[in-house]
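Participant: I am attaching a structure below and will ask some questions about it afterwards.
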Amino acid sequence: MPVIRLLSVRLLRMALVLLCVAGLTFGLMLASPIDPIDAYLGPQIAQASAEQRELIAARWGFDQPPLMQFGHWLGQLASGELGWSHVYNQPVSEVITQRFQGSLALLGLAWLLSALLGFALGVLAGVREQSSLDRVISGYAYITAATPAFWLAMLGLLLFSVTLGWTPVCCAGPSGSLRDEVSLVTRLHHLALPVATLTLLSTAPITLHTRARMRELMASPVATQAFAQGASRWEVAWRHGARHACLPAITLACASLGELFGGVMLIEQVFAYPGLGRATVEAALRSDVPLLMAIALFTALLVSLGNATADGLYRLIDPRLRRQG
Amino acid sequence: MLEIDDLALQLPYYANWWRRQWAEVLCNVSLEVHPGEVHAVIGASGAGKSLLAHALMGLLPAPYRQTGRLTFQGQPLTAARQRRLRGRELALIPQSLSALDPLVRSQRQVSWAAKRAGHAAARVQHTARQALAHYQLDERAQQAFPHQLSGGMARRVLTAMAHVSSAQLIIADEPSVGLDPQQRDRVLNALAALAREGKAVLLISHDLRHALPIARRVTIMRQGRCVETAPAAAFEGDGHTLTTRYAQALWRALPDNHFSHPETQPAPHVA
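Residue numbers (this note's numbering), protein chains in the order written: chain L, -7 to 317; chain G, 37 to 307.
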């Protein structure tokens, strides 16, 4: 049963990665200059006595050595308990579920659009190297690859929300309304600008890599042979090119999930969009260890799954990678 | 069927990074290929054989300069006509096995070739299957990916692609390179069979000895020029009917002819 063995090796490796991520996050939080108790007390810091602080520390387990704390957290994790977020005053699992629902639309849409758009543009540019279309597309890709996400987001806000008034300035819905009351159209309206910004930014690498692979293919013996059989440029691009060029595109699209996640955090910050990104920033600034650890784990899981998907798809498309037999 | 008259080809190179110069890679190339015969073009590496093949098919990457006259079936073979006839009247069996798409099953690739040659879409799969079976490739080989095929099998897939095009002129670029004797004979016999069907076959090779049994006429190339065109029968004994010393020397240098070596003449200078 090679499939089962492969899967179990993969799962074991993933668990190891997650453990390392958890350890690293915990270590970073320990080294963080923000004291969790100070952050929790906030402005009431002056009113809390030393005994009260000790009481909180004891209740949170801060009086124990770090390794004990980490071990305790791992034990809780094994029984499915992620802990309590003091920033949101909710169980961590609930915070993540709620917040991720907000981010999912943003992340998923931007991911899908950037993969499709990046691939299409890359193929178009690669078919005719040095044509004016190629120049326009690669120029666009180079410029957006060098553009910081938050800057473009702010420019977008200034232009479309403030000057033109086409899109809302912030949030996932009109302020003051409950989540369930917001209609789909309104939600999409609020999503439009963040998604567009994120898509625009994550398209470039996929475009450039697809274009490079496409150029290589159009000069390869495979293309020459197709031309010798009377195929047109577009036919070669469609039958041979798209097949070959989707390999790097898939790798990038899946591997860039992590980067996209980073982009989501910045974008959510600029657009004040209530998603996992904002929760992460809050958790870090206010030293909410359980929430931050859970978010780090969740993100690492997502990225690992992305990489595993890329590996699997690769095998599906390129027969040379399949095991013989 | 195909006449090449005084073909010359120049390709660009950069003497330094701002000045482009032109290198003459083919010069004074003239030969005729008739229907029903295999015409062998023999030369060492760098003699310009593959460039000749690509020039005939119109597959050279721009920019290049080409002069001379190409005539195919009585009409001038212009770039536009090459584009129109490629895959239908002109077929190329390429030198490199990497011409097969590694991601596509061999039968599918032959179907595509059939489709490009103008076969009806409903018939292409049948045509491909028949053509591959004609070259002794069973169902398993037909459904295999190129990396699963042996060199000889891959070569026969490429030949099947030229076969389905029902082209009148077939240019085979080094079809026997890297094959064991049995596979080589199989591939060369397939080419001879195409000629027997009345097609014109231009066989490009560096291997004079194995081209001779199937070729009717042989053109020897050296450094982009035609040295001599002679009937295949002239290559026998000590080769005294060959008119140029280079052709004689090439013939006598074969192992069967005791590697004998008449006094060599210096290579013609190429500008």
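Ideal Cβ placement from N, Cα and C applies to all residues, glycine included.
Taking only the alpha-carbon atoms, compute the straight-line gap between Ala288(L) and Ala14(L) and give it to the nearest angstrom.
Facilitator: One-based indexing of the first sequence puts residue 288(L) at position 296. One-based indexing of the first sequence puts residue 14(L) at position 22. For Ala288(L) and Ala14(L), the distance between alpha carbons rounds to 7 Å.
Participant: Would DSSP call Trp143(L) helix, strand or coil?
Facilitator: For the purposes of this step, residue 143(L) is identified with residue 151 of the first sequence, where counting begins at 1. Helix, per DSSP.
Participant: Rounded to whole angstroms, what's the CA-CA distance from Gln261(L) to Gln61(L)? Just pull it up for me.
Facilitator: Numbered from 1 along the first sequence, position 269 holds the residue referred to as residue 261(L). Numbered from 1 along the first sequence, position 69 holds the residue referred to as residue 61(L). Taking the straight line from one Cα to the other gives about 31 Å.
Participant: Excluding the 5 residues flanking Leu113(G) on each side, which residues of the same chain have their C-beta closer than 7 Å to its C-beta?
Facilitator: Taking the first residue of the second sequence as 1, we reach residue 113(G) at position 77. The answer, listed in chain order, is Leu106 and Thr107.
Participant: Taking the alpha carbon of Arg101(G) as the point to measure from, which residue in Leu92(G), Ala135(G) and Glu60(G) has its own alpha carbon closest?
Facilitator: Taking the second sequence and counting its residues from 1, one reaches residue 101(G) at position 65. Residue Glu60(G) is the option with its Cα nearest to Arg101(G).
Participant: May I ask you to report which of helix, strand or coil DSSP gives Ser77(L)?
Facilitator: Here residue 77(L) refers to the residue found at position 85 of the first sequence. Strand.
Participant: Indicate whether Pro282(L) and Trp76(L) have their beta-carbon atoms separated by less than 8 Å.
Facilitator: As a first step, residue 282(L) is located in the first sequence; it is residue number 290 there, counting from the start. As a first step, residue 76(L) is located in the first sequence; it is residue number 84 there, counting from the start. Cβ distance < 8 Å, so Pro282(L) and Trp76(L) count as in contact.
Participant: Which residues bound the beta strand (DSSP E) around Leu128(G)?
Facilitator: Mapped onto the second sequence, residue 128(G) falls at position 92. That run of the beta strand (DSSP E) goes Leu126 to Ile129.
Participant: Just checking: is the beta-carbon of Pro25(L) within a distance shorter than 8 Å of some beta-carbon in chain G?
Facilitator: Here residue 25(L) is taken as the residue at index 33 of the first sequence, counted from 1. So, not an interface residue.
Participant: Taking only beta-carbon atoms, is Val306(G) less than 8 Å away from chain L?
Facilitator: Here residue 306(G) refers to the residue found at position 270 when the second sequence is read from its first residue. Its pLDDT being 48, under 50, Val306(G) is placed unreliably by the model, and nothing is read from it.
Participant: Does any residue of chain G bring its CB to less than 8 Å from the CB of His232(L)?
Facilitator: As a position in the first sequence, residue 232(L) is number 240, starting the count at 1. For His232(L), the answer is yes, since a Cβ of chain G falls inside 8 Å of its Cβ.
Participant: For Leu285(L), which of helix, strand or coil comes out of DSSP?
Facilitator: To locate residue 285(L), count along the first sequence from 1; it is residue 293. Checking the sequence shown, residue 285(L) turns out to be Met, not Leu. DSSP places Met285(L) in helix when its eight states are reduced to three.
Participant: Distance cutoff 8 Å, beta carbons only. Does Trp148(G) sit that close to anything in chain L?
Facilitator: The residue given as residue 148(G) occupies position 112 in the second sequence. By this cut-off, Trp148(G) is an interface position.
Participant: Using the Cβ count rule (16 or more neighbours within 10 Å means buried), how would you classify Ile40(G)?
Facilitator: As a position in the second sequence, residue 40(G) is number 4, starting the count at 1. Ile40(G) is buried by the Cβ-count criterion.
Participant: Can you name, in chain order, every residue of its own chain whose Cβ lies under 8 Å from the Cβ of Leu239(L), other than the five neighbours on each side?
Facilitator: Sequence index remark: in the first sequence, residue 239(L) carries index 247 (1-based). If we look at Leu239(L) and ignore the five residues flanking it on each side, its Cβ neighbours are Arg205, Tyr306, Ile309 and Asp310.
Participant: Here's the rule: buried if 16 or more other CB atoms are within 10 angstroms of the residue's CB, otherwise exposed. What is Ile198(L)?
Facilitator: For this step, residue 198(L) is matched to residue 206 along the first sequence. Result: buried.
Participant: Going by alpha carbons, who is nearest to Val200(G) out of Ser132(G), Glu272(G) and Leu230(G)?
Facilitator: Here residue 200(G) refers to the residue found at position 164 of the second sequence. The option with the nearest alpha carbon to Val200(G) is Leu230(G).
Participant: In chain G, which residues lie with their C-beta within 8 Å of the C-beta of Gln221(L)?
Facilitator: Indexing the first sequence from 1 puts residue 221(L) at position 229. Chain G residues near Gln221(L): Arg122, Gly123, Ala127, Trp148, Ala149, Arg152, Ala153, Met197 and Ser201.
Participant: Shortest alpha-carbon distance to His90(G) belongs to which of Thr265(G), Gln118(G) and Gly104(G)?
Facilitator: Locating residue 90(G) in the second sequence gives position 54, counting from the first residue. Here the closest residue by C-alpha is Gln118(G).
Participant: Using a threshold of 8 Å, state whether the C-beta atoms of Ala159(L) and His181(L) are closer than that.
Facilitator: Looking up residue 159(L) in the first sequence gives position 167. Looking up residue 181(L) in the first sequence gives position 189. It should be pointed out that residue 159(L) corresponds to Thr in this sequence rather than to Ala. Closer than 8 Å, so yes.
Participant: Going straight from the alpha carbon of Leu121(G) to that of Gln161(G), what length do you get?
Facilitator: Locating residue 121(G) in the second sequence gives position 85, where the first residue counts as 1. Locating residue 161(G) in the second sequence gives position 125, where the first residue counts as 1. Those two C-alpha atoms are separated by around 22 Å.
Participant: In whole angstroms, what is the alpha-carbon distance linking Cys188(G) and Ala116(G)?
Facilitator: Counting from one through the second sequence, the residue named residue 188(G) turns up at place 152. Counting from one through the second sequence, the residue named residue 116(G) turns up at place 80. What sits at residue 188(G) in the sequence shown is Gly, not Cys. Rounded to whole angstroms, Gly188(G) to Ala116(G) spans 34 Å at the Cα level.
Participant: So, Arg281(G) versus Cys63(G), is the Cβ gap smaller than 8 Å?
Facilitator: Along the second sequence, one-based indexing puts residue 281(G) at 245. Along the second sequence, one-based indexing puts residue 63(G) at 27. Taking 8 Å as the Cβ cut-off, Arg281(G) and Cys63(G) do not qualify as a contacting pair.
Participant: Could you give the distance in angstroms between the alpha-carbon of His246(G) and the alpha-carbon of Gly84(G)?
Facilitator: Working through the second sequence from its first residue, we reach residue 246(G) at position 210. Working through the second sequence from its first residue, we reach residue 84(G) at position 48. In a straight line, the C-alpha of His246(G) is about 20 Å away from that of Gly84(G).
Participant: Report the neighbours of Met93(G) on chain L: residues whose CB is nearer than 7 Å to its CB, in chain order.
Facilitator: Along the second sequence, read from residue 1 onward, the residue named residue 93(G) stands at position 57. Residues of chain L passing the Cβ test: Ala220.
Participant: 8 Å is my cut-off, CB to CB: does Ala98(G) come that close to chain L?
Facilitator: In the second sequence, counting from the first residue as 1, residue 98(G) sits at position 62. Judged by the 8 Å Cβ criterion, Ala98(G) is not in contact with chain L.
Participant: Taking only runs of the beta strand (DSSP E) that begin and end inside the segment 130 to 158 of chain G, which ones reach a length of at least 3 residues, in chain order?
Facilitator: Whole beta strand (DSSP E) segments, 3+ residues: zero.
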